[in-house]
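Structure record follows, encoded as structure tokens.
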Amino acid sequence: MADSTWADTVAENINNAVDRPVGWIYDVVFWSFEAGGATIMPIVLWLVIAGLAFSAYFGLAQVRHFRTALKIVRGRYDDPRDPGEVSHFQALTSAVSGTVGLGNIAGVAIAISIGGPGATFWMILCGLLGMATKFVECTLGVKYREVHEDGTVSGGPMHYLRKGFAELGKPMTGKILAGLSAVFVLFFGYFGGNLFQVNQSLEQVSTQIGDGDGFFAGNLGAIIYGLVIATLCALVIIGGMKSIGSTTARLVPGMAIMYVTACLLVIVFNVTEVPAAIGTIVTEAFAPEGVAGGVLGALIVGFQRAAFSNEAGVGSAPIAHSAVKTKRPATEGLVAMLEPFVDTVVICSMTALTIVVANGELYQARRAGDDSINGIAITSDAFETALPWFPWLLTMAVVLFAFSTLITWGYYSQKCWTHLFGRSRTSELVFKVSWCAVAVIGALLPLMRLVDAADAFLFLAAVANIIGLYFLAPVVKRELERVLDYIRRKDAGQSDEEIEAAEAAAVAGGPSAKVISAD
520 MADSTWADTV
530 AENINNAVDR
540 PVGWIYDVVF
550 WSFEAGGATI
560 MPIVLWLVIA
570 GLAFSAYFGL
580 AQVRHFRTAL
590 KIVRGRYDDP
600 RDPGEVSHFQ
610 ALTSAVSGTV
620 GLGNIAGVAI
630 AISIGGPGAT
640 FWMILCGLLG
650 MATKFVECTL
660 GVKYREVHED
670 GTVSGGPMHY
680 LRKGFAELGK
690 PMTGKILAGL
700 SAVFVLFFGY
710 FGGNLFQVNQ
720 SLEQVSTQIG
730 DGDGFFAGNL
740 GAIIYGLVIA
750 TLCALVIIGG
760 MKSIGSTTAR
770 LVPGMAIMYV
780 TACLLVIVFN
790 VTEVPAAIGT
800 IVTEAFAPEG
810 VAGGVLGALI
820 VGFQRAAFSN
830 EAGVGSAPIA
840 HSAVKTKRPA
850 TEGLVAMLEP
860 FVDTVVICSM
870 TALTIVVANG
880 ELYQARRAGD
890 DSINGIAITS
900 DAFETALPWF
910 PWLLTMAVVL
920 FAFSTLITWG
930 YYSQKCWTHL
940 FGRSRTSELV
950 FKVSWCAVAV
960 IGALLPLMRL
970 VDAADAFLFL
980 AAVANIIGLY
990 FLAPVVKREL
1000 ERVLDYIRRK
1010 DAGQSDEEIE
1020 AAEAAAVAGG
1030 PSAKVISAD
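Using the numbering used here, you'd call the opening residue of the sequence shown number 520 and step up by one each time.
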């Protein structure tokens, strides 16, 4: 016990330092009012309205161009000569690794804990709307990116807000929004992309290895776990985007398949409960039991957790997608639509269905009003109902999810850091050291305080970013028309040289400007 006294002191000091400022920030960001018995948070509605607006403006692009996005991500239109660092597939897996993480496992459990099974329905709806928002922001990310002399790429809201608003004749507005976006995404990176991942992966490891009361359950074990994760993270992020893209291209598909397969096995073991579970999710979306505020309460919780899971509108994903090899920005915007679909519509749905059909002891206890049960423990308990060794599989998936999210968000956060403090070697080194050091702290903080902090900065980032998306949406519409014409010409057998000549003629208004019909 004496050996860990210093660790306990460190943990107590960190908790005291974080608790008050995080509570204050959360209260300000999530200012709410009561309506119909529900707690309404205007900041959450901000994301919902954006998803609806962009879905309408682009004519449900997430539905109409879904097959086109699949063709692009398979490499059908890739050209290795195009500027950028990674392929469409690698850019997608890098971005997915930043969103498909513990928000899909612990986040869904938290949503069901607070908003009931019906919150899952609203999470899925938010994911579908978020596909349109992701399309807009990632198209802009590639459109206004900067390709450096060494071949590396910088993109994201801090670039497209600054450059896009300059084109609109509002350079100062663009600079202010870009600066705010960089600050908020950076802080969300530290709390949500770093600390939360370490915290919940440790929770699963300590529960599985020591039944919640072993070595890793103590502060000394937590520090050691954090140091191991930080060291592994450092080995990858030192290599930059190419290293991250290569790592996530291997990790993400495998771990996603492994996790979804595990969920399917739990569902198969409880196959007779599936119709009732789906009925519960749909019914409680509109008539939830025991949820404060009823339908609106479940909706708010569902949208809040979906935003944390898929990050649509936050401005983080364009940082990864901007590194893609392409000359046509909207190609990556279309690919980016797949991200919320995989993240929220597929994986979050699988997690929710697993929890509900398994109907484990912890899930029942939480539904009965035990507020001490939250997060990933509910998901782990659901896995255990199928086979006793399943939580070990979940533990492996959790650690891999957490690690891939940690390294991807290291890249996102570094781009925000260098935008604010410069791109020198010293500046980048300071960031990388701080990023890895902070990972250790994540093992020592309480879950809900981390969730509060991550939520607050995530939604603040969305405010700055989405303001810009509204103003720059016409730019995205032009890019979409351009790329759809390119794809039609390519599918008709035209060469890249012929297509580029036609595009040049279109700019000049020449006879070759005729657009090939979809037929």
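C-beta atoms are modelled at their ideal positions from N, C-alpha and C, and glycine is treated no differently. For clarity, every value in this text was computed on a predicted model and none was experimentally measured.
Indicate the three-state DSSP secondary structure (helix, strand or coil) for residue i in the structure shown.
i     : result
S673  : strand
V833  : coil
F577  : coil
E1000 : helix
I559  : strand
E665  : strand
Between the C-alpha atoms of residue i and residue j, what's the straight-line distance to the nearest angstrom?
i     : j     : result
T802  : V627  : 18 Å
V717  : W565  : 29 Å
I1035 : Y1005 : Per-residue confidence for I1035 stands at a pLDDT of 45, beneath the threshold of 50, marking its modelled position as unreliable; no derived number is given.
Y931  : T870  : 26 Å
L589  : G852  : 12 Å
S606  : F805  : 42 Å
A973  : G821  : 16 Å
L611  : E604  : 13 Å
E668  : L872  : 49 Å
E998  : A992  : 10 Å
I866  : I895  : 15 Å
M560  : D971  : 14 Å
A580  : F922  : 32 Å
F920  : S632  : 21 Å
F940  : I800  : 47 Å
G1029 : S841  : In this prediction, G1029 scores a pLDDT of 48, lower than 50, which makes its location untrustworthy; the coordinate-derived value is nonetheless stated afterwards. Using only the alpha carbons, I get a separation of about 31 Å.
A884  : D900  : 11 Å
A1021 : R1007 : 13 Å
E876  : W954  : A small correction: the amino acid at residue 876 is Val; Glu does not occupy that position in the sequence shown. Computed Cα separation, rounded: 39 Å.
F909  : Q727  : 10 Å
A975  : G542  : 10 Å
L857  : V1002 : 17 Å
R664  : F902  : 43 Å
Going by beta-carbon coordinates alone, are residue i and residue j separated by less than 8 Å?
i     : j    : result
G1012 : P676 : no
A916  : M777 : yes
F710  : L906 : no
F703  : A983 : yes
P599  : K844 : yes
T898  : A625 : yes
F990  : L751 : no
V861  : V615 : yes
A569  : I838 : no
L818  : W641 : yes
K951  : I757 : yes
V548  : L979 : yes
Q723  : T914 : yes
I629  : R824 : yes
N713  : L925 : yes
I786  : V779 : no
G698  : A685 : no
Span of the alpha helix (DSSP H) holding residue i?
i    : result
A896 : I895 to E903
L872 : S868 to A877
F920 : F909 to F940
W550 : It is not in any alpha helix (DSSP H) - W550 carries neither H nor E in the DSSP assignment.
M650 : G637 to K662
I800 : V793 to F805
T692 : P690 to F707
L948 : R944 to G961
I591 : F585 to V592
G852 : P848 to A855
Hey, would you say the C-beta of residue i is under 7 Å away from at least one heavy atom of the ligand SAH?
i    : result
L906 : The ligand SAH is not part of this structure, which contains no ligands at all.
| task | Answer yes if the region 648-657 comes into contact with the region 836-848, meaning at least three C-beta pairs across the two stretches below 8 Å, and no otherwise. | result | yes
| request: Specify whether the region 829-848 and the region 742-753 touch according to this definition: at least 3 beta carbon pairs, one from each stretch, less than 8 Å apart. | output: no
| Are three or more beta carbon pairs between the region 565-585 and the region 647-654 nearer than 8 Å? | yes
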